[in-house]
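Peer 1: So in numbering that gives the first Met the number 0, the last spot in the sequence shown is 455, and the numbers never skip.
Please see the structure below; I have some questions.
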Amino acid sequence: MKSKIIKLLIPNSFRTRVILLTIFASFFTLLVTITLSYSYSKRFLTETVNNSIKQNVSILNIKLGEAIIYKDIYTMFTIVESIQKSSDYLKNVYLFDKDMNYITDALAAKQYSEKDNKANLIKFPITIGDNHGVVGYIIYEINPSYIIDVAINDSLKIGVTEILTFIFLLIVVIFFTNLLITPMQVLNEYVQKMDLSNLTEDIKLPWYSSKEIRDIAKNLTDISRRLAEAINKNMEQEKKIMANSKMASIGMMSSGLAHELKNPAMTVLLLAQTLAKELDERYSKDTEYLIRETNKIVKIVNEFLEIAKPISIKKSDVKVSEIQKVLEDYIYINYSDKLELIFINNIKSDTIFTDGEKVIEILINLINNSFEAAATRVEIVFEDQDSYVLVGFRDNGFGIDEENIDKIFLPFYTTKKTGTGLGLFYIESIINALNGQINVSSNEYGTTFIIRLTKE
């Protein structure tokens, strides 16, 4: 119950909490200030009145004493009347003889009744020298409402000043509270919009953000980056698991196909070759077609067998210039002047730690694909990039359609009439075995493959 009441009294917004706290604190300060001001003013006025009366008595003492001795009623009345009229804080002034017999008062009431509130009456003896002693008494009746009114007015003036100060303070508090919470709102908006697309983005805070807010933003950014790295790593591992699973499935299938298809296919091929020798020219086209299609079956079975084999990686120091020489020779022998190779080696030491044969096998497969895509030029670039060796491969072929680009690494997917759809799948399998990554982009002007190979 208690916690529910507190929740109702305390708003959720930080800005509202600060404003309410400022209002409550200012209101409490205002009450305390007015109360203390009233109390102090009232006491100060009372002391001032008493001192003024004492001073007044000391000045008029002799004159009043002589008037009493000579029973000069007019002088006595004139004096007490002038005292009462000259002081707003006096309600009346009474004059008595030494026996406390009423003589006169400032209001000419001609009578004196015992007052209920004796706290408002101040009595002083009137003396003349040493011989006469006390000749009478003067009683001042204080007007308490005057003191109260003056004290209240003084307190209200201070209260108005306090209220103006409070309004200014509230404006300042609202301004600085907005400055304070704006960085928090930026952090909150960033967290709300956070997804896989912006995990690594830096949080842009206002320039006036405090060190604590900047530290929180830095820590949040670091956590987001580590999360992005972990997600990417998990995705890579999932890809590798899927690839290994695909490889296992293909291996089992290819092994079965090899046993079921290879021997019959070879038998058919031998028979077709024998028939081609025995039959006359009327059947030559049929026998050629039979031999060609049978060879295709044997080729597919052999590719299955090749992919089904475990990929063995043997890393060592490999010179990039030697890779370049092998590729130049391969293009010269197979494509002569039909395909131009541009090779850029930006590896300073000319040495990388990898499986050179596998890298050459990957690049030759890509070169073959480029030629089949009507490319006349391929560009291969080797560069250092942090913990990776970056291998860029670009051609000027007719490219890959956008709707097909996500499918090219799938086994058996091909857009070629004579393709098996295993080439790029095999390339990705080799790169995964090398703990690398491959990305592809393509448009009407050609296709680009970016391969990252770990240096370890």
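From the three backbone atoms N, C-alpha and C, an ideal C-beta is built for every residue, glycine too.
Computed from a predicted structure; not experimentally measured.
Would the beta-carbon of I121 fall within 8 Å of that of I141?
Peer 2: The answer is yes: Cβ separation under 8 Å.
Peer 1: Hey, out of V133, I379, I180, whose CA is closest to I346's CA?
Peer 2: Ranking the options by Cα distance to I346, first place goes to I379.
Peer 1: Alpha carbon to alpha carbon, how far is L106 from L63? Give it in angstroms, no decimals.
Peer 2: Computed Cα separation, rounded: 17 Å.
Peer 1: Which first and last residues belong to the alpha helix (DSSP H) in which G158 is found?
Peer 2: Counting along the chain, the alpha helix (DSSP H) containing G158 begins and ends at 143-192.
Peer 1: DSSP state of I125, grouped into three classes?
Peer 2: It is a strand residue.
Peer 1: Taking the CB atoms as reference points, tell me whether T446 and Y387 lie closer together than 8 Å.
Peer 2: No; because the gap between Cβ atoms is not below 8 Å, this pair is not in contact.
Peer 1: Considering N119, what are the terminal residues of the alpha helix (DSSP H) in which it resides?
Peer 2: Looking at the DSSP string, N119 is not in any alpha helix (DSSP H), and its letter there is neither H nor E.
Peer 1: Using C-beta distances below 7 Å, list every residue in its chain close to G132, excluding the 5 sequence neighbours before and after it, in chain order.
Peer 2: Within the same chain, G132 has close Cβ partners T126.
Peer 1: Whose CA, out of V149, I212, I151, K192, lies closest to the CA of L179?
Peer 2: Of the candidates V149, I212, I151, K192, the one whose C-alpha sits nearest the C-alpha of L179 is I212.
Peer 1: Drop a sphere of 10 angstroms on the beta-carbon of V171, count the other beta-carbons inside from all chains shown, and report buried for 16 or more, exposed for fewer.
Peer 2: Per the 10 Å Cβ criterion, exposed.
Peer 1: Along the chain, where does the alpha helix (DSSP H) that runs through Y425 open and close?
Peer 2: Counting along the chain, the alpha helix (DSSP H) containing Y425 begins and ends at 422-432.
Peer 1: Closest to E402 by CA distance: which of S440, L365, E382 is it?
Peer 2: Nearest C-alpha to E402: S440.
Peer 1: Tell me the rounded alpha-carbon separation between D98 and I72.
Peer 2: Rounded to the nearest angstrom, the two C-alpha atoms are 17 Å apart.
Peer 1: In whole angstroms, what separates the C-alpha of E371 from that of N364?
Peer 2: Taking the straight line joining both Cα atoms gives about 11 Å.
Peer 1: Using 8 Å as the Cβ pair cut-off and three pairs as the minimum, do the region 76-94 and the region 138-153 touch?
Peer 2: Flag = yes, the region 76-94 and the region 138-153 touch.
Peer 1: For a quick check, are the C-beta atoms of V17 and T181 less than 8 Å apart?
Peer 2: No; because the gap between Cβ atoms is not below 8 Å, this pair is not in contact.
Peer 1: If I measure Cβ to Cβ from F424 and keep anything under 7 Å in the same chain, skipping five residues before and after, which residues do I get?
Peer 2: So the list reads F408, L409, P410, once near-sequence residues are dropped.
Peer 1: Contact between the region 38-56 and the region 144-159 is defined here as three or more beta-carbon pairs at a separation below 8 Å; is this criterion met?
Peer 2: Short answer: they touch.
Peer 1: So what does DSSP say about D316, is it helix, strand or coil?
Peer 2: Strand.
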